[in-house]
Amino acid sequence: VATGVSVYTILAGAGSRSIDLSADGSILLTEEGDRVAFRRTSDGVIVNEITGTIGGDGTSDFYDRTLFSYDGSIIRRTPRALSGLDFPHVFVAPSAIPGGDGSTWAAAFDSVDAALSYLSSNNKVADIWLASGTYMPTSLTDPDDPRSATYVIPDGVRLVGGFGGTETHLSDRDPVANPTLLTQNPTSSRTLLSPVGKARLDGLTIVRGSNPPLATEEFRLVNSGRLTFRNCRIQTDADGFIGLDPDPNDSADITLKLTSIEIVVEPDAFCGKAGELLELRTPDVLCGTAFNPDCLSGVIDAAGAPVFSGTPEVRWIIDKLEVKSGTTLNLTNRPNFDFREVGDSVPECLYVRELIIESGAWINTGLLTVYYETLTQMGSVSNVPLLGFSLINVDMEC
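In terms of the numbering used here, the sequence shown has 179 at position 179, counting the first letter as 1, and numbering is strictly consecutive.
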């Protein structure tokens with residue numbers, strides 16, 4: 001290691017990486033639970049080091065995206081929530097003049113493709129701030145494949161929506177007032193997202209594109225990498241197939257985080273199809289274990305409801321699952337999924353905070369149990385027992 005160079009290293013997790021720690025102290029994106037060390041070395045000798053565990057809620061040693069500063073001798077840390085600072089970012093606006101360098105809103109990139117290309121070619125890790133509008137991939141990853149357009153997201157990059165195009169801080173955005181949509185043109189794209197390593201989407205609405213040219217082809221949201229959804233809405237019509245892990249031969253690792261995760265399934269008026277296959281992969285949700293010791297006691301009462309011991313800490317995977325009238329939702333799992341009951345070797349349950357099944361809608365699933373907090377059921381459910389229980393003031397982060 002060169003004299004005086006500060007090195008950031010992930011000591012545990014998916015792997016080890018290191019980068020120079022610059023004067024402004026901005027660091028790489030990490031995952032909650034990663035054990036990290038921030039070191040300054042001189043002639044290979046550690047002079048200053050801070051170690052701890054990344055935690056997105058601030059309960060762990062470091063906040064998610066904690067900012068570190070280096071004054072030449074001491075490394076200091078400041079939670080972003082307290083510092084008012086933001087992770088390095090570039091700007092994208094659909095109305096931007098082509099040729100911008102993404103450094104400001106006035107010089108924003110005019111497409112997500114341009115921003116991703118810039119970060120990838122310059123080996124940079126940053127957030128991509130997206131102004132309100134609709135975006136779809138146009139850059140082909142295979143010149144010989146006319147439907148290979150996809151968003152190739154570099155490791156550690158986060159796509160953030162909800163901006164009006166004037167904000168100076170992440171906390172200024174409003175995803176409700178400034179809807180930001182990602183979709184695709186089926187004639188040029190079969191897969192919307194292709195993360196390389198870890199990536200995150202925050203404050204976006206993911207909308208399935210119109211029908212593919214061939215009835216046998218499916219809309220793929222993602223089929224590789226590790227992707228985390230925060231504060232997102234996934235909206236799809238019933239095209240017969242949509243999956244967060246559509247290919248069992250690939251290794252997509254999809255995580256739904258925080259409470260603002262809404263999945264809305266609507267009938268497809270264009271082609272008249274009513275079947276929808278939705279496959280989800282999430283982090284472990286284990287109750288009554290060392291991971292979550294105060295959740296369930298493992299006892300079921302006379303009404304079939306779980307009995308809590310201590311403070312309940314069930315963490316909802318999906319904030320809202322809404323199945324529109326005329327739609328059939330086939331909710332499935334796959335081997336190595338992490339929906340699971342206490343003591344089950346095979347994950348077979350799903351946690352949904354608000355479940356809405358409209359009249360004329362169906363849910364078919366082989367999951368043993370769907371847990372919910374509130375249920376509006378006018379339609380039909382087959383092959384699944386629904387177990388509802390009320391939880392107040394619980395940690396909704398999964």
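C-beta: ideal position from N, C-alpha, C; glycine also.
As the structure is a prediction and not an experimental result, all values here were calculated from the model.
Per DSSP, the unbroken alpha helix (DSSP H) holding SER121 starts and ends at 112-121. Note that the region 132-147 touches the region 187-197; at least 3 beta-carbon pairs, one per stretch, sit closer than 8 Å. Check the Cα spacing between LEU204 and each of ARG233, ALA177, PRO154: the tightest is with ARG233. SER194 carries a strand assignment under DSSP once its states are collapsed to helix, strand and coil.
In terms of Cα proximity to ALA126, the closest of LEU116, GLY133, ALA93 is LEU116. Under the three-state reduction of DSSP output, SER171 falls in the helix class.
Of the candidates VAL112, VAL323, LEU159, VAL112 places its Cα closest to the Cα of SER139. For GLY162, the enclosing beta strand (DSSP E) begins and ends at 157-163. For the pair ILE363 and LEU375, the CB atoms are not nearer than the 9 Å cut-off.
ASP202 is positioned such that its CB atom lies closer than 9 Å to that of ARG158. Closest by C-alpha distance to ASN231, out of VAL196, LEU181, TYR118, LYS198, is LEU181. Here SER189 is bridged, per DSSP, to SER148. Excluding sequence positions up to five before and after THR104, its CB lies within less than 7 Å of the CB of PHE91, all in the same chain and listed in chain order.
Out of GLY326, VAL176, PRO98, the CA that lies nearest to the CA of PHE163 is found in VAL176. Under the three-state reduction of DSSP output, ILE97 falls in the coil class, being neither helix nor strand. Apart from the 5 residues on each side of it in sequence, ILE97 sits with its Cβ closer than 8 Å to the Cβ of ASP110 in its chain, given in chain order.
CA-to-CA, the gap between VAL323 and ILE153 works out to about 30 Å. With respect to the 9 Å criterion, ALA93 and LEU119 are not classified as neighbours on the basis of their beta carbons. Linking PRO88 to MET136 through their CA atoms gives a straight-line distance of about 23 Å. Residue nearest to PRO179 within the set GLY133, GLY360, ALA108, SER325 is GLY133 (criterion: CA-CA distance). By alpha-carbon distance to ALA114, the top candidate from GLN377, GLY99, ALA106 is GLY99. For LEU204, the three-state secondary structure derived from DSSP is coil. Per DSSP, GLY102 is not a residue of any beta strand (DSSP E), being assigned neither H nor E. CA-to-CA, the gap between LYS124 and GLY326 works out to about 46 Å. Note: GLN377 is bridge-paired with ILE357 in the DSSP secondary-structure output. By the neighbour-count criterion, in which 16 or more other beta carbons inside 10 Å mark a residue as buried, SER194 falls on the buried side. Boundaries of the beta strand (DSSP E) harbouring THR180: 180-182, taken from the DSSP string. As computed with DSSP, ASP142 is found in no beta bridge at all.
DSSP places GLY133 in the uninterrupted beta strand (DSSP E) bounded by 133-135.
Nearest neighbour of SER121 by Cα position, chosen from GLN377, ALA106, ASP155, SER95, turns out to be ASP155. Secondary structure note for VAL90: its beta strand (DSSP E) is the uninterrupted segment 89-92.
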